[in-house]
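So this note's numbering is basically just the index in the sequence shown, starting at one, shifted up by 5. Heads up, the thing below is written out as structure tokens.
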Amino acid sequence: MAERLGREIRVSGIRFKSNVLMAPLAGYTCFPFRLMVERLGAGSAYTEMVSADALKYNDRATEKLLFTDEREELKCVQLLGSVPMVFERAAKSALLERFDIIDINMGCPVPNVVKAGEGCSLLEDIPRASKIIEACKRSGKTVSVKCRIGMNRQRIVIEEFARMCEASGADMITVHGRTRDMMYNGSPLFEYIKLAKDSVSIPVFANGGIFSEEEAEEMMEKTGADGIMLARYGFEDPLIFSRLTGRECGDTRYSLLTEQLALSQECFDEFFVLSYIKKLASYFMRKMPGTKQLKAALYKCGNITELKSVLAEIFSA
Ligand SMILES: Cc1cc2nc3c(=O)[nH]c(=O)nc-3n(C[C@H](O)[C@H](O)[C@H](O)COP(=O)(O)O)c2cc1C
């Protein structure tokens with residue numbers, strides 16, 4: 006029988022308040038967003054991918070990606086890279102001291118990333134992937150891996166890969182049920198997520214193509230996974246976390262936007278706030294008919310006052 010969505014789960018001693026997680030999304034999963042989905046019921050929410058190598062520069066951009074404070078209950082960072090030693094240094098660095106979980110990106114399909122031997126190219130370099138996991142584990146932190154099922158349908162490696170993750174010390178795996186050449190399109194190949202789940206005894210989370218409650222249930226039923234990780238739909242409709250986990254919140258899209266605006270103003274500069282809130286609001290408008298002009302008005306906003314009044318016009322009715 007499929008596991009219940011919304012139940013609490015423990016991963017190597019760490020309590021996730023639900024088994025519905027929020028994926029890392031580059032350019033989207035900033036601190037205010039993670040805090041919001043955590044409040045709405047997400048068991049964890051990851052930073053977007055951060056270059057393990059870039060940590061040594063400790064620049065403003067990386068600092069922004071790693072921003073967190075005591076309000077975030079479970080702090081999860083995702084690292085991208087290809088060199089085990091670099092991962093070990095990053096995992097042990099003071100910058101990551103506050104993070105509870107380190108996730109390793111073994112799924113990014115972008116050409117430059119793959120060419121650099123990072124992201125999903127690690128699916129086909131199992132010895133290196135194993136050394137990276139072992140290197141991160143030497144930090145003493147909980148380590149998870151997020152991967153795809155293979156590079157294409159002729160090169161599906163997920164069974165061997167999942168076993169390697171467990172044997173190398175990973176505490177949990179998230180399987181994006183697409184191959185690299187599918188990028189972000191098409192239905193996930195449920196049977197291979199199930200194969201991963203059946204091959205290991207650490208928790209396996211299922212990701213890919215969940216855009217409704219029905220698809221969340223379908224993912225659980227077809228894969229037997231311990232939980233799910235939402236990605237694009239979690240950004241489009243964060244209230245899905247509350248619906249899937251049964252946590253009453255009383256929020257509307259407008260209340261979420263005003264909360265996010267205030268919170269991001271508290272943490273980041275105006276340039277960042279404008280860009281983030283515009284992205285969030287336009288995702289929220291995806292299924293609203295006839296919003297072309299309103300979207301144009303949203304994107305024209307040049308300061309916070311204008312942004313507030315356009316948001317009220319679009320969402321407060
Ligand atoms: C704009 C965008 C940014 C993403 N950034 C990351 C990332 O930083 N790290 C990562 O592991 N996956 C990243 N992903 C992949 C998602 O986490 C997820 O695996 C993928 O979107 C499939 O789930 P979905 O079909 O439910 O969206 C990104 C996807 C998109 C569309």
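For each residue, glycine too, the CB sits at the ideal point set by N, CA and C. The structure presented is a predicted model; accordingly, all values stated were derived computationally and were not measured.
Out of E77, F210, A7 and L45, which has the shortest C-alpha to C-alpha gap to R258?
Numbered from 1 along the sequence shown, position 253 holds the residue referred to as residue 258. R258 has its Cα closest to that of L45, out of E77, F210, A7 and L45.
Length of the line joining the Cα atoms of F277 and R15:
In the sequence shown, residue 277 corresponds to position 272, counting from 1. In the sequence shown, residue 15 corresponds to position 10, counting from 1. Distance between F277 and R15, taken at the CA atoms: about 35 Å.
What residue from V55, A31, L26 and M54 has the CA that sits closest to M41's CA?
Stepping through the sequence shown from its first residue, residue 41 is reached at position 36. Looking at the Cα atoms, L26 is the closest of the given residues.
Tell me the residue span of the alpha helix (DSSP H) that contains K202.
Position 197 of the sequence shown holds residue 202. In the DSSP annotation of this structure, the continuous segment of the alpha helix (DSSP H) that includes K202 starts and ends at F195 to S204.
Beta carbon of E53, beta carbon of T67: below 7 Å?
As a working mapping, residue 53 is identified with position 48 in the sequence shown. As a working mapping, residue 67 is identified with position 62 in the sequence shown. Not a contact, by the Cβ cut-off of 7 Å.
If you pair each beta-carbon of the stretch 115–128 with each one of the stretch 167–174, do three or more pairs fall below 8 Å?
The count of Cβ pairs closer than 8 Å, one atom from the stretch 115–128 and one from the stretch 167–174, stays below three, leaving the stretches out of contact.
Can you tell which of L101, L79 and F92 has its C-alpha closest to the C-alpha of L71?
Here residue 71 refers to the residue found at position 66 of the sequence shown. Per the Cα distances, L101.
Applying the 10 Å Cβ sphere with the 16-neighbour rule, what's the burial state of D274?
Walking along the sequence shown from the start, residue 274 turns up at place 269. Its Cβ having fewer than 16 others within 10 Å, D274 is exposed.
Residue nearest to G232 in terms of C-alpha spacing, selected from I107, I215 and E129
The residue labelled residue 232 in the question sits at position 227 within the sequence shown. Nearest C-alpha to G232: I215.
I'd like to know whether the C-beta atoms of V85 and N110 end up nearer to each other than 7 Å.
As a first step, residue 85 is located in the sequence shown; it is residue number 80 there, counting from the start. As a first step, residue 110 is located in the sequence shown; it is residue number 105 there, counting from the start. Note that residue 85 is Leu in the sequence shown, not Val. At a Cβ-Cβ threshold of 7 Å, L85 and N110 count as neighbours.
Consider the C-beta atom of A99 and the heavy atoms of ligand 1; say whether any pair is separated by less than 6 Å.
Working through the sequence shown from its first residue, we reach residue 99 at position 94. No, the Cβ of A99 stays beyond 6 Å of every heavy atom of ligand 1.
Taking 7 Å as the threshold (C-beta atoms), are A95 and A57 in contact?
Position 52 of the sequence shown holds residue 57. Position 90 of the sequence shown holds residue 95. The beta carbons of A57 and A95 sit closer together than 7 Å.
Member of G239, K61, L30 and F240 whose CA lies at the smallest distance from the CA of D108
Along the sequence shown, one-based indexing puts residue 108 at 103. Of G239, K61, L30 and F240, the residue nearest in Cα terms is L30.
With DSSP collapsed to three states, give me the class of Q298.
As a working mapping, residue 298 is identified with position 293 in the sequence shown. In the structure shown, Q298 sits in a helix (DSSP, three-state: H, G or I).
Own chain, CB closer than 6 Å to V315, minus 5 neighbours either side, in chain order
Numbered from its first residue, the sequence shown carries residue 315 at position 310. Cβ within range, chain order: A302, L303 and C306.
In terms of residue numbering, what span does the alpha helix (DSSP H) encompassing N73 cover?
On the sequence shown, residue 73 is found 68 positions in, with the first residue counted as 1. The sequence shown places Thr at residue 73, rather than the Asn named in the question. In this chain, T73 is not harboured by any alpha helix (DSSP H), its DSSP state being neither H nor E.
Opposing strand residues paired with C152 [DSSP bridges]:
Within the sequence shown, numbered from 1, the residue matching residue 152 stands at position 147. C152 is bridged to M111 and V180.
Which value, in whole angstroms, describes the spacing of the CA atoms of A140 and L235?
Residue mapping note: residue 140 aligns to position 135 of the sequence shown, counting from 1. Residue mapping note: residue 235 aligns to position 230 of the sequence shown, counting from 1. Distance between the alpha carbons of A140 and L235: 28 Å.
Can you grab the Cα-Cα spacing for the pair E318 / K300, in whole Å?
The residue labelled residue 318 in the question sits at position 313 within the sequence shown. The residue labelled residue 300 in the question sits at position 295 within the sequence shown. Going from the Cα of E318 to the Cα of K300 covers about 11 Å.
Who are the near neighbours of K188 in its chain, counting only those whose CB is closer than 6 Å to its CB and skipping five residues on each side?
Position 183 of the sequence shown holds residue 188. Reading off the sequence, residue 188 comes out as Met, not Lys. Cβ neighbours of M188 beyond the five flanking positions: P114.
G213: beta carbon under 6 Å from a heavy atom of ligand 1?
The sequence position of residue 213 within the sequence shown is 208, counting from 1. Flag set: Cβ of G213 near ligand 1.
Residue from S204, D256 and G145 with nearest C-alpha to F104
For the purposes of this step, residue 104 is taken as residue 99 along the sequence shown, with counting starting at 1. Ranking S204, D256 and G145 by CA distance to the CA of F104 puts G145 first.
Report whether the distance from the Cβ of A28 to the nearest heavy atom of ligand 1 is below 6 Å.
As a working note, residue 28 is residue 23 in the sequence shown. When distances are taken from the beta-carbon of A28 to the heavy atoms of ligand 1, the shortest one is below 6 Å.
Count the CB pairs spanning the stretch 240–247 and the stretch 183–203 that are closer than 8 Å, and state whether there are at least three.
The answer is no - the stretch 183–203 does not touch the stretch 240–247, with fewer than three Cβ pairs under 8 Å.
Taking 6 Å as the line, does the beta carbon of N117 fall inside it for any heavy atom of ligand 1?
Numbered from 1 along the sequence shown, position 112 holds the residue referred to as residue 117. Look at N117: its beta carbon is at least 6 Å from all of the heavy atoms in ligand 1.
Mind checking who N1 pairs with in its DSSP beta bridge?
Since the first and last residues shown for the chain are 6 and 322, residue 1 lies out of range.
Buried or exposed by the 16-neighbour rule on C-beta atoms within 10 Å, applied to F179:
Locating residue 179 in the sequence shown gives position 174, where the first residue counts as 1. Looking at the sequence itself, residue 179 is Thr, so the reference to Phe does not match. Buried, since its Cβ has 16 or more Cβ neighbours within 10 Å.
Rounded straight-line distance, which links the Cα of S280 to that of G32
The sequence position of residue 32 within the sequence shown is 27, counting from 1. The sequence position of residue 280 within the sequence shown is 275, counting from 1. Straight-line Cα distance between these residues: approximately 10 Å.
Just to check, is the beta-carbon of R248 closer than 6 Å to a non-hydrogen atom of ligand 1?
If you number the sequence shown from 1, residue 248 lands on position 243. Result no, Cβ not under 6 Å from ligand 1.
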